[in-house]
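*Asks:* The structure that follows is given in the form of structure tokens.
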Amino acid sequence: QVQLVESGGGLVQAGGSLRLSCAASPSILGLRTMGWYRQAPGGERELVASITNGVTTTYADSVKGRFTVSRDNAKNTMYLQMNSLKPEDTAVYYCEAKSWVWGREYWGQGTQVTVSS
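Residue numbers 6 to 122, in the numbering used here, belong to the letters of the sequence shown in order.
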């Protein structure tokens with residue numbers, strides 16, 4: 006069983022930056038793919054960015070060039086660096102992961118990101 010805990014959300018002005026963290030316990034090593042999803046009020050949950058095998062990254066078109074996903078196995082943590090934030094980035098951001106074995110899926114509890122105009 007893996008637990009994912011997000012942190013780093015908050016209120017920021019448009020154009021600002023935030024870095025989200027997703028801490029995996031007891032270990033991140035059993036997780037093949039990790040991703041960040043977000044859900045705005047009244048909207049569906051959407052994939053923002055993912056990282057597979059610690060190397061291959063994908064991004065939603067809406068965040069390309071502004072967000073960067075990374076993973077630090079030594080710290081058991083995945084990050085999402087968010088720059089040039091826009092009001093439309095406002096959402097609850099969730100960490101998601103799939104294990105190497107059986108592709109079991111895990112979710113964090115979410116962290117709120119609010120971007121004011």
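Beta carbons are placed, not taken as given, at the ideal position from N, Cα and C, and that holds for glycine. Being a predicted model, the structure only gives us computed values, none of them experimental.
Could you tell me the alpha carbon to alpha carbon distance between residue 5 and residue 61, rounded to whole angstroms?
*Replies:* Past the boundaries of the shown model lies residue 5; the chain is included only from 6 to 122, so the question cannot be answered.
*Asks:* Can you give the Cα-Cα distance for residue 91 and residue 121, rounded to whole angstroms?
*Replies:* Their Cα atoms are separated by approximately 8 Å.
*Asks:* Provide the residue(s) that pair with residue 56 in DSSP beta bridges, ordered along the chain.
*Replies:* Residue 56 is bridged to 39 and 62.
*Asks:* Which residues mark the beginning and the end of the beta strand (DSSP E) in which residue 34 is found?
*Replies:* Careful: residue 34 lies outside any beta strand (DSSP E) and carries neither H nor E.
*Asks:* Tell me which same chain residues have a C-beta within less than 6 Å of the C-beta of residue 56, skipping the five on either side of it?
*Replies:* Cβ within range, chain order: 39, 62, 74 and 76.
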